[in-house]
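J.:
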Amino acid sequence: MSLTFILKNRFQKPNYFRKMSELPEGAPGNFPSMNELKLNIARKMLGSDIGYRPIQQDRSHLLKYLPKSQAELPPRSMEDSFLVGIIPLSKDKILQDKYVTFLGHVRIGRLLEDMDIFAVMVCYKHIVNPKLPENEVFPYSLVTVLVDRIDFTDYVPKSNEDIKISGHVSWVGKSSMEVVVWLEQQMSGVWQRVTRALFLLAARDVNNVGAGIVNSIIPANEREKQILAGG
Numbered sequence: 001m002s003l004t005f006i007l008k009n010r011f012q013k014p015n016y017f018r019k020m021s022e023l024p025e026g027a028p029g030n031f032p033s034m035n036e037l038k039l040n041i042a043r044k045m046l047g048s049d050i051g052y053r054p055i056q057q058d059r060s061h062l063l064k065y066l067p068k069s070q071a072e073l074p075p076r077s078m079e080d081s082f083l084v085g086i087i088p089l090s091k092d093k094i095l096q097d098k099y100v101t102f103l104g105h106v107r108i109g110r111l112l113e114d115m116d117i118f119a120v121m122v123c124y125k126h127i128v129n130p131k132l133p134e135n136e137v138f139p140y141s142l143v144t145v146l147v148d149r150i151d152f153t154d155y156v157p158k159s160n161e162d163i164k165i166s167g168h169v170s171w172v173g174k175s176s177m178e179v180v181v182w183l184e185q186q187m188s189g190v191w192q193r194v195t196r197a198l199f200l201l202a203a204r205d206v207n208n209v210g211a212g213i214v215n216s217i218i219p220a221n222e223r224e225k226q227i228l229a230g231g
C-alpha cells in the first residue's frame, strides 16, 4: 500500500487547498522571538517533561479530556489562531551562525524547518478545549502530514536583518488543520515577502494511537470567508 493512498484515506483534507491567501497584518509591535515561542509552547504541551528522556512519562490519563465530537468544542476563527514571531538575526550573533552559510546567505532549509515548527504552534493556538484544566498538559500530539506548496518571491533575505514569521489556520477538518505560514523581512521600513507555504497537520491523541478531534472553524469576517472558500 502506497504512502499516498494512506494519506488520502487516513486524513481528511480540503477538496482543494486554499490559494496562498492570509489575514492582513495588524499594527506593528514587539513580537516574541522564535525561541521564546518554542519554549512557551513546549512548556504548555509537555509540562515539565521537556527534552529527551529514555523512559517517556505515561500520559494516558490525558485521554479523558479529549472530546468525542466537535460539538463539545467552541468554534474558532482564523484570527484566533493568528500568530507572529521574530527570528532576531540583527541582534543575535550566535543565531546568525545557525542561520547563515559561509557565503553569507540565509539558510533556506533552516527557515523551512522554522515554518514547520511554527505551523504546529499555530495549531496549538487554534485548539481550545473547555474540559482541560488550566494547568494540565496538552492532550494532543500534532503531526505534519504534508506541505502542499511553497512559494518564493525574488527577494533575497539579508543575513543581518530580522525575519518575521506569521501564520494562521485556514481550514479545519475533523482532526486535520491547514495552516498558511509566511516569512517577511524589513527593508527600508517596508516588510518584504520572502516565502509562504501551506501545511496540513493532523491532531492525534496524546499516545499517538487515535485521531484527536479539533475545533471547527467559522469565519469572523468577509476576508476569512474568502480564504475559507479558496479565494
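Under UniProt numbering, the residues of the sequence shown are numbered 1 to 231, in order. Backbone N, C-alpha and C define an ideal beta-carbon position, used for all residues, glycine too.
Which class does G231 belong to by DSSP, given the choice of helix, strand or coil?
T.: Reliability of the predicted coordinates at G231 is poor, the pLDDT of 47 falling under 50, and the value obtained from them is presented with this limitation in mind. If DSSP states are grouped into helix, strand and coil, G231 belongs with coil.
J.: Please specify which runs of the beta strand (DSSP E), each continuous and at least 3 residues long, are wholly inside the stretch 187-224, giving them in chain order.
T.: Counting only runs of 3 or more, we get 190-205.
J.: Could you give the distance in angstroms between the alpha-carbon of F102 and the alpha-carbon of M34?
T.: If you take the alpha carbons of F102 and M34, they lie about 23 Å apart.
J.: So for T4, helix, strand or coil by DSSP?
T.: Residue confidence is low: T4 scores 41 on pLDDT, short of 50, so the model does not pin down where it sits. No coordinate-derived value is stated.
J.: At which residues does the beta strand (DSSP E) containing Q148 begin and terminate?
T.: As written in the sequence, residue 148 is Asp, which differs from the Gln given in the question. From DSSP, the beta strand (DSSP E) with D148 extends over 140-152.
J.: Return the CA-CA distance between G210 and R204, expressed in angstroms with no decimal places.
T.: Roughly 6 Å separates the two Cα atoms.
J.: For the beta strand (DSSP E) that contains K91, what are its first and last residues?
T.: Where K91 is concerned, there is no enclosing beta strand (DSSP E), given that its DSSP letter is neither H nor E.
J.: Is it right to say D114 is buried, meaning 16 or more other beta carbons lie within 10 angstroms of its own, or is it exposed?
T.: That one is buried.
J.: Here's a check: name, in chain order, each residue in its chain whose Cβ is nearer than 8 Å to the Cβ of Q186, leaving out the five neighbours to either side.
T.: So the list reads E161, D162, K164, Q192, once near-sequence residues are dropped.
J.: Excluding the five sequence neighbours on either side, which residues of its own chain have a C-beta within less than 6 Å of the C-beta of V84, listed in chain order?
T.: Correct list, in chain order: F31, S166.
J.: For a test of the three-state rule: what should DSSP assign to K164, helix, strand or coil?
T.: Of the three classes helix, strand and coil, the one that applies to K164 here is strand, per DSSP.
J.: Please classify R76: does DSSP put it in a helix, a strand, or coil?
T.: Note: R76 maps to strand in three-state DSSP.
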